[in-house]
Amino acid sequence: MADVTLQRPQGSAEDWTIAQDWDRYTPAEHAMWDHLFERQAGMLPERVVPEFMDGLKVLRMTRPGIPHFDELSERLMKATGWQVVAVPGLVPEAVFFDHLANRRFVAGRFIRSAEQRDYLQEPDIFHDVFGHVPLLANPVFADYMQAYGKGGLRAHGFGSLTALARLYWYTVEFGLIRHGGGLRLYGAGIVSSYGESMFALDDPSPHRLGFDLERLMRTQYRIDDYQQTYFVIDSFEDLLRRTLDTDFEPLYARLRNEPELPTDTILPGDRVYTRGTQAYARGKQNV
Ligand code: PHE
Ligand code: FE
0 MADVTLQRPQ
10 GSAEDWTIAQ
20 DWDRYTPAEH
30 AMWDHLFERQ
40 AGMLPERVVP
50 EFMDGLKVLR
60 MTRPGIPHFD
70 ELSERLMKAT
80 GWQVVAVPGL
90 VPEAVFFDHL
100 ANRRFVAGRF
110 IRSAEQRDYL
120 QEPDIFHDVF
130 GHVPLLANPV
140 FADYMQAYGK
150 GGLRAHGFGS
160 LTALARLYWY
170 TVEFGLIRHG
180 GGLRLYGAGI
190 VSSYGESMFA
200 LDDPSPHRLG
210 FDLERLMRTQ
220 YRIDDYQQTY
230 FVIDSFEDLL
240 RRTLDTDFEP
250 LYARLRNEPE
260 LPTDTILPGD
270 RVYTRGTQAY
280 ARGKQNV
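Position 219 (the sequence shown) corresponds to 218 in numbering that gives the first Met the number 0; numbering is contiguous.
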């Protein structure tokens with residue numbers, strides 16, 4: 000997502016899509032995918048929601064090499080009616096929402112370089128495809144993503160994208176979910192990151208709080224480092240029901256009069272899974 004001043008690059012279609020040009024990936028690029036894949040697939044089974052591992056299998060993403068978008072789309076189409084399409088980079092918000100509302104997931108086609116192995120600013124194909132695509136094979140999550148796209152087009156009209164973007168951030172990108180008496184990962188920003196896959200679940204630093212729509216939409220987030228707060232959903236069904244059954248218009252109106260919450264806040268009404276020490280974030284402030 001990005002602001003509307005972006006220029007559509009030459010060679011992209013009206014909807015900003017481009018060909019993946021799979022044949023142009025070099026052996027080194029495929030090797031980078033394999034390296035990142037091995038590293039995550041090795042540690043995730045006990046940490047990620049089982050539906051994510053199911054998705055990797057259904058979509059045959061466990062084979063080596065950068066996936067072919069056409070093949071992913073074919074398998075996704077059978078599972079949930081979704082497709083994966085390539086875009087050159089950031090796209091305007093309305094374009095992004097329109098794709099989601101039509102069950103198309105937009106993905107970058109470039110892969111990070113060796114220097115960017117553990118940190119990169121712009122999402123690459125590993126984040127977009129490994130992180131986001133497996134859960135699109137889950138019918139409930141697939142419906143949530145489409146509903147989000149439709150909600151985005153509405154929020155755009157109300158001028159309330161900041162609030163809605165926080166919902167994406169704290170669910171689709173950095174969400175945690177209850178599972179078998181503990182917590183598991185499901186957010187794409189976490190599962191595509193080696194460091195945050197451990198930090199989000201095990202580190203004593205961040206807060207882990209129960210999902211509450213209005214509270215979450217008031218909460219700022221970090222784009223430069225690990226999150227200081229994660230929100231925990233009960234299940235994908237619960238997330239879908241809570242968001243789909245709520246008319247966001249009155250919510251947006253209320254939010255305009257409520258102060259924003261810094262990333263390390265705990266409110267009296269919060270359902271606290273973990274009260275974090277915030278030691279990680281504070282340690283960084285002093286450098
Ligand atoms: N119910 C939301 C609205 O009224 C739309 C939405 C659904 C947004 C699901 C996100 C997720 O705008
Ligand atoms: Fe993402």
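Beta carbons are placed, not taken as given, at the ideal position from N, Cα and C, and that holds for glycine. This one's a predicted model, so the numbers in the text were calculated from it and none came from an experiment.
Point to revise | Backbone secondary structure at Gly-107 - three-state DSSP | key: strand
Review point. What is the rounded straight-line gap between the Cα of Gln-226 and the Cα of Gln-6?
Key: 31 Å
**Study point:** Beta-bridge partners of Phe-230, as assigned by DSSP
**Key:** Leu-208
Review point. Is Pro-249 near ligand 2, with its Cβ less than 8 Å from a heavy atom?
Key: Pro-249 Cβ: outside cutoff for every heavy atom of ligand 2.
Exercise for review: Would you decide whether Glu-121 is buried or exposed? Buried here means 16 or more other CB atoms lie within 10 Å of its CB.
Suggested key: exposed
**Study point:** Whole-angstrom C-beta distance between Glu-92 and Leu-160, which should lie under 8 Å
**Key:** 6 Å
Review point. Got a sec? Which residues, its chain only, sit under 8 Å from Asp-283 by beta carbon, not counting five neighbours each side?
Key: Checking the displayed sequence, the identity of residue 283 turns out to be Lys instead of Asp. Excluding residues within five positions, the ones whose Cβ falls inside 8 Å are Asp-224.
Exercise for review: Could you name the residues of the same chain whose beta carbon sits closer than 6 Å to that of Gly-186, not counting the 5 residues immediately before and after it, in chain order?
Suggested key: Glu-172, Phe-173, Gly-174
Review point. What do you reckon, are the CB atoms on Arg-59 and Gly-80 nearer than 9 Å?
Key: no
Review point. The beta strand (DSSP E) spanning His-178 covers which residue range?
Key: 175-178
Review point. Comparing the CB of Pro-122 with every heavy atom of ligand 4, is any distance shorter than 8 Å?
Key: The model depicted lacks ligand 4 and carries ligand 1 and ligand 2 instead.
Check your understanding: Are Val-105 and Trp-168 closer than 9 Å when you measure CB to CB?
Key -> no
Exercise for review: Would you mind working out which of Leu-163, Ile-232, Pro-138 sits nearest Arg-177, comparing C-alpha positions?
Suggested key: Ile-232
Check your understanding: Within the present structure, is the beta-carbon of Asp-211 separated from the nearest heavy atom of ligand 1 by less than 8 Å?
Key -> no
Review point. Rounded to a whole number of angstroms, what is the C-alpha to C-alpha distance between His-206 and Ala-12?
Key: Each residue's Cα considered, the two are about 43 Å apart.
Point to revise | Own chain, CB closer than 6 Å to Asp-269, minus 5 neighbours either side, in chain order | key: Leu-208
Practice item. Alpha carbon to alpha carbon, how far is Gly-148 from Ser-112? Give it in angstroms, no decimals. Key: Roughly 31 Å between the two C-alpha positions.
Review point. Going by Cα to Cα distance, which pick from Gln-19, Ala-141, Thr-25, Glu-37 is closest to Lys-77?
Key: Ala-141
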